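Heads up: the structure comes next, in structure tokens.
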Amino acid sequence: MSQKDTPQAALEVLVLKTLYRGPNHGFGITLHIEQASGELLRVEEGSLYPALHRLERDGLVSAEWRTTEKGRRAKIYSLTAEGLARLGELERSWEALSEGVARVLRFA
Amino acid sequence: MKTILRWFRKPADEALRDEIEEHLAQRAEHDGITLEEARRRFGNPLKIQEDVREVWLGKHAEAWLQDLRLTVRGLRRHPVFALGAVTALALSLGASTAVFSVVDRVLFRPLPFAGSDRLVVVGQSAVIEPAPFLLWPDYSDWQKSQTAFTSMTALAAGTYDCDLNEQNPLRIRCAGVAWNFLPVLGMAPQHGRDFLPSEDRRGAPRVALITDELWGSRFGRDRAALERTVSIDGLPTRIVGVLPANFEMPGLQAADVLMPMALPPPARPMMGGVLRVYARLKPGVTLEEARERLRGPFQEALQYVPAQFRNEVRLSVISLREARTGDARRASWLLLAAVVLMLLIACANVSNLLLARAASREREMAVRAALGAARGRIVRLVLLESLTLALLAGAAGLGLAWLLIRAFVSLSPASLPQLASASLDWRVFAFGFALSVVAGLLCGLAGAASAPRVEQLHGVRATGPRGLRLRETLLAGQVAVTLLLVAGASWLVAGFYQLTHQDLGFDASRVFTASVVLPQARYPTPAAQEAMWNSMIERCERIPGVEAAALADSLPPAGRTRTMIFQRILLDGQPPKVSGTGGMVPWRAVTPGYFETLGIPILRGRGFTEEDRSGPPLVILSASLERRLAGSQSAVGRVLRTGAQTVDYRVAGIAADVRNAGLALPADPEYYVLRRGSAPEVMRHSTLIVRAAAGSPLSSETLRREIQSLDATLPVNVQPMETRIGEIAARPRLLAVLLSVFAMAALLLASIGLAGVVAYQVSQRRREIGLRLALGATPGQARGFVIRRIAYPVALGLLAGGALALGALDYASPLLHGIAAHPWLLFAVAALACAALLAAWIPSREAARLDPQEALRSE
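Printed below as a string of structure tokens:
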């Protein structure tokens with residue numbers, strides 16, 4: 006199974022979409038992306054956290070420490086209103102991009 | 022901003038670590054692998070931390086933070102070096118800051134008066150009264166005719182002791198001022214009101230302004246104190262206002278209460294009415310111009326000066342700041358220079374240390390350069406290190422400065438009141454901070470200049486001759502500066518010692534002085550006053566343990582005395598042959614016990630006795646006055662007249678000369694008049710002198726109680742004579758102490774620096790020394806080899822320092838009279854040479870003990 010490392014820009018929209026489904030912590034986000042893409046995408050864990058913190062800095066997600074049912078402490082991220090808006094924008098631009106790429110590839 | 026702050030808190034780092042740990046735990050659980058395996062697959066956690074930090078801080082801040090951490094870590098790994106550097110810098114930064122706090126008040130700090138740079142002191146100055154003054158009629162005239170100033174105001178010369186007579190009498194200082202005193206100076210009362218012109222007239226109801234301090238200590242800051250009438254010197258006076266908290270007299274005179282001068286209408290000729298005059302220059306008028314414009318009024322005023330004195334009188338217009346500080350400015354600039362020199366020495370030391378470290382870190386630096394670190398980054402690292410050291414030292418130095426300032430304030434002489442208010446305020450703090458940064462940059466420059474380039478990564482071990490030469494130059498500079506400080510300090514200390522151990526002409530041991538002022542209200546007539554004085558002497562003579570007691574209106578070695586123009590002293594009816602005034606001659610009115618109490622020998626003739634008090638008027642001359650009046654002939658038995666009086670005094674005897682013009686200046690001739698119970702000898706204030714017998718337990722407190730038992734409302738100020746003399750020597754003492762501290766610190770720093778350079782030499786030249794030893798040199802010769810190398814910079818430094826010292830001592834010579842400077846310069850040179858030898862000796866032992874084989878093999 007070939008797995009491509011997700012580039013940074015893509016990571017952003019994937020994380021936002023994951024959090025659209027509900028608040029989650031870093032590992033949960035990784036897992037979801039891998040499972041939802043049918044193992045086609047693999048998150049480079051080294052770039053996940055810088056990306057998460059970048060989103061937090063820019064106000065697109067908010068974070069707080071919570072205790073899980075297992076009694077462990079984890080940092081939970083949730084989508085903010087700005088994040089929701091940005092998600093919409095990014096979704097549209099990604100769709101445009103992939104449509105455009107597909108067209109060029111079909112054209113030959 | 023908040024993003025940066027967030028990352029300056031350690032918790033942020035730890036939080037990220039927790040986050041990642043949690044992620045790893047979950048990954049391990051989910052994938053069924055061990056924690057270590059998960060960690061391995063995760064990636065480089067340090068890189069992730071850096072990246073996240075970069076997210077929050079931005080690219081450059083991250084780099085700076087990294088460098089800062091590196092610096093701190095490097096310093097912690099070499100605590101000896103760090104401690105040495107910080108100590109050296111802290112010493113000099115602290116001293117500099119402390120000295121600045123003092124010097125600032127003298128030289129730089131703006132005066133508390135609005136537009137203080139336009140304020141000047143105006144008047145005539147003469148040989149007999151060097152401080153500028155104006156007589157009341159002249160002041161009135163000048164006010165009308167002058168064109169140089171927007172306004173003028175005046176202060177009656179000589180603030181005086183006065184008594185607040187109520188339940189607890191309080192001795193305070195009163196000053197008589199013109200009604201527009203505050204407005205001209207640019208101040209206003211904080212409560213109540215200022216004086217009115219109508220109150221500045223003889224016969225007007227008495228009013229007063231009190232200082233904020235008096236209002237607090239005496240009236241408890243009660244607003245009701247305003248409009249209250251109190252008794253000052255027995256006369257009812259209404260308090261109309263409170264002066265602002267930052268009020269000070271323009272000439273720094275002590276004053277607790279201001280009252281209108283209330284002089285009678287000006288009329289010539291006028292005796293008394295001597296005023297200190299302050300004025301505000303018109304916009305655009307310089308001091309020179311003001312002098313020009315006042316030439317007319319000055320010439321007019323000159324007409325009223327007796328013709329033979331006219332060419333001794335000059336017009337004087339000086340800025341207020343200069344008038345206040347006088348020769349304190351010279352001392353201040355000197356101190357500041359000394360302190361800057363100290364700082365340079367410390368910087369040189371630290372630079373040397375940094376250079377040594379740079380040499381040992383060259384490998385590390387070259388590797389960094391090879392790995393792509395820009396030269397700028399390396400320079401930044403070096404500067405960051407020196408800045409960190411300097412700022413740390415600055416913080417430590419502030420603590421030292423605080424201690425030093427407290428010491429200065431306790432040593433402060435009464436003649437330098439600015440000192441007493443020196444403190445660690447924001448100006449001083451800012452100066453200390455700025456100085457730390459400058460020091461850090463300076464020290465770092467030397468290291469940064471020798472930052473290596475990539476090309477140097479060729480296995481070359483040490484900084485070659487270039488680095489060594491720089492260090493030797495620094496060393497020479499250090500030696501020169503240290504020589505300056507040591508020479509100056511030893512000169513000042515010698516001068517101070519001489520000042521305080523000279524023969525004063527009288528014996529101050531076991532003598533107490535009690536200064537008393539009799540209030541006008543209770544002792545209105547000279548007879549009443551004299552009766553009280555007599556009771557006081559009798560009471561004092563009866564105190565057990567008292568050997569002798571006397572009364573005088575003034576005391577040596579310094580202080581205000583009554584004076585007579587020399588030209589007006591007639592011996593056998595003849596005025597002395599002198600051109601001009603001949604200067605002022607102090608005179609004192611004393612009781613017969615005076616000479617015995619102070620141990621002043623009577624050289625010829627006899628002293629005063631109790632019987633003389635009811636006989637014809639008598640006078641005793643000092644030996645130098647007899648010489649000036651009668652030449653080589655004796656004056657005993659001859660007749661003296663002074664000034665405008667018609668009394669014939671017979672000269673009873675000649676007393677030995679006594680220091681009466683302060684400790685540094687030669688004695689003025691003086692004469693003593695016997696107190697006989699009538700004016701002009703009797704005054705409202707005088708000083709009791711009491712000598713205790715050897716072994717007697719007499720104390721100031723006992724004396725005060727005895728005197729107050731006669732009249733409980735009299736405030737009495739008792740002081741041992743030796744304390745009084747000590748206060749007079751306070752200023753030279755302060756300077757001597759200060760400079761000695763600097764000199765010793767400089768000597769220490771220079772010695773350490775020297776030892777460091779020699780040690781460095783030894784370590785760098787191990788192969789060469791080993792070779793020499795192997796070829797048959799003795800250990801002694803090996804030492805000689807090392808020591809000889811530093812002889813050159815040390816000798817150079819001594820030469821340069823000596824030349825500088827000659828010039829500097831010239832500049833400083835007005836501060837201490839009569840002490841030859843050059844022997845002390847030689848002493849300093851010798852001392853420094855010995856210290857250098859000692860400092861070089863210890864590390865050179867290393868060279869002698871070198872094992873030749875090991876040294877040759879060392880890489």
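Line order of the protein sequences matches chains A and B. 6 is the number of the first residue of the first sequence in our numbering; add one for each residue after it. 22 is the number of the first residue of the second sequence in our numbering; add one for each residue after it. Glycine included, each C-beta is placed from N, C-alpha and C at the ideal position. Note that the coordinates shown come from a computational prediction; the quantities given were computed from them, not determined experimentally.
List the residues of chain A that residue i touches, going by C-beta distances under 8 Å, in chain order.
| i | result |
| --- | --- |
| B:I54 | By Cβ distance, chain A contributes nothing, its closest Cβ being about 14 Å from B:I54, past 8 Å. |
| B:I790 | In chain order: nothing, as chain A lies at least about 54 Å away. |
Of all the options the options, which has the alpha carbon lying nearest to the alpha carbon of residue i?
| i | options | result |
| --- | --- | --- |
| B:S761 | B:S834, B:L505, B:S720 | B:L505 |
| B:V567 | B:M270, B:I710, B:V278 | B:I710 |
| A:G88 | A:H37, A:T73, A:E61, A:S103 | A:E61 |
| B:R214 | B:G207, B:L206, B:A229, B:G224 | B:A229 |
| B:P304 | B:F170, B:V537, B:A344, B:S431 | B:F170 |
| B:A868 | B:F806, B:G197, B:V668, B:R249 | B:F806 |
Out of curiosity, what's the CA-to-CA distance linking residue i and residue j?
| i | j | result |
| --- | --- | --- |
| B:R242 | B:L176 | 27 Å |
| B:T180 | B:G294 | 13 Å |
| A:V109 | A:R78 | 48 Å |
| B:V403 | B:P32 | 29 Å |
| B:L217 | B:P210 | 13 Å |
| B:A515 | B:H522 | 11 Å |
| B:L203 | B:Y693 | 41 Å |
| B:W748 | B:Q740 | It is Glu, not Trp, that sits at residue 748 of chain B in the sequence shown. Cα to Cα, the separation comes out at about 11 Å. |
| B:L185 | B:P287 | 30 Å |
| B:L624 | B:I586 | 25 Å |
| B:P864 | B:L755 | 37 Å |
| B:T168 | B:P318 | 10 Å |
| B:A767 | B:L796 | 40 Å |
| A:L21 | A:S42 | 15 Å |
| B:V481 | B:I366 | Only weak support is given to the placement of B:V481: the predicted model assigns it a pLDDT of 47, under 50, and the value that follows is read from those uncertain coordinates. Approximately 30 Å between the Cα atoms of the pair. |
| B:L775 | B:A860 | 6 Å |
| B:E302 | B:A311 | In the sequence under discussion, the amino acid at residue 302 of chain B is Leu, which differs from the Glu named in the question. Roughly 8 Å separates the two Cα atoms. |
| B:D254 | B:R648 | 42 Å |
| B:A535 | B:I621 | 19 Å |
| B:A245 | B:V198 | 24 Å |
| B:G420 | B:A196 | 39 Å |
If you follow the beta strand (DSSP E) that residue i is in, where does it begin and where does it stop?
| i | result |
| --- | --- |
| B:R214 | Taken as a continuous stretch (DSSP letters only), B:R214 belongs to no beta strand (DSSP E), as it is neither H nor E. |
| B:N738 | 737 to 741 |
| B:G262 | 256 to 263 |
| B:P151 | 150 to 156 |
| B:H706 | 706 to 713 |
| B:V672 | 670 to 676 |
| B:P607 | 605 to 611 |
Which chain A residues are close to residue i, counting only those with a beta carbon under 9 Å from its beta carbon?
| i | result |
| --- | --- |
| B:V73 | Y54, P55, L57, H58, R59 |
Starting from residue i, trace the alpha helix (DSSP H) both ways and give me its first and last residue.
| i | result |
| --- | --- |
| B:V205 | 202 to 206 |
| B:K303 | Premise fails: B:K303 is in no alpha helix (DSSP H) and is neither H nor E. |
| B:A119 | 100 to 124 |
| A:K22 | 13 to 26 |
| B:I69 | 66 to 78 |
| B:I811 | 800 to 833 |
| B:S530 | It is not in any alpha helix (DSSP H) - B:S530 carries neither H nor E in the DSSP assignment. |
Kindly list, in the order they appear in chain B, the residues whose Cβ is closer than 9 Å to that of residue i.
| i | result |
| --- | --- |
| A:G76 | The contacting residues do not exist; A:G76 stays about 12 Å from chain B at best. |
| A:G31 | E40, I41, E43, H44, Q47 |
Kindly list, in the order they appear in chain A, the residues whose Cβ is closer than 7 Å to that of residue i.
| i | result |
| --- | --- |
| B:R342 | Those do not exist, as B:R342 stays about 55 Å from chain A at its closest Cβ, beyond 7 Å. |
| B:G64 | E50, G51 |
| B:I366 | Result: empty, since nearest Cβ-Cβ is about 49 Å, beyond 7 Å. |
In chain B, which residues lie with their C-beta within 7 Å of the C-beta of residue i?
| i | result |
| --- | --- |
| A:A79 | E43 |
Who are the neighbours of residue i on chain B, taking C-beta pairs under 8 Å?
| i | result |
| --- | --- |
| A:L36 | H51 |
Show which residues of chain D have a CB atom less than 7 Å away from the CB atom of residue i.
| i | result |
| --- | --- |
| B:I863 | Absent from the structure is chain D; the protein chains it does hold are A and B. |
- Query: Quick check: the region 149 to 161 of chain B against the region 262 to 269 of chain B, are there 3 or more CB pairs under 8 Å?
  - Reply: no
- Message: Any contact between the region 582 to 597 of chain B and the region 612 to 622 of chain B? By contact I mean 3 or more CB pairs, one from each, below 8 Å.
- Response: no
- Given 8 Å, three or more beta-carbon pairs between the region 541 to 559 of chain B and the region 628 to 639 of chain B: no
- Three or more C-beta pairs below 8 Å linking the region 42 to 55 of chain B and the region 19 to 35 of chain A: Judged by pairs of C-beta atoms under 8 Å, the region 42 to 55 of chain B touches the region 19 to 35 of chain A, as three or more such pairs exist.
- Item | the region 728 to 745 of chain B touching the region 528 to 544 of chain B, judged by at least three CB pairs closer than 8 Å | yes
- Please determine if the region 271 to 287 of chain B and the region 230 to 240 of chain B are in contact, where contact requires at least 3 C-beta pairs separated by less than 8 Å. A contact exists between the region 271 to 287 of chain B and the region 230 to 240 of chain B.
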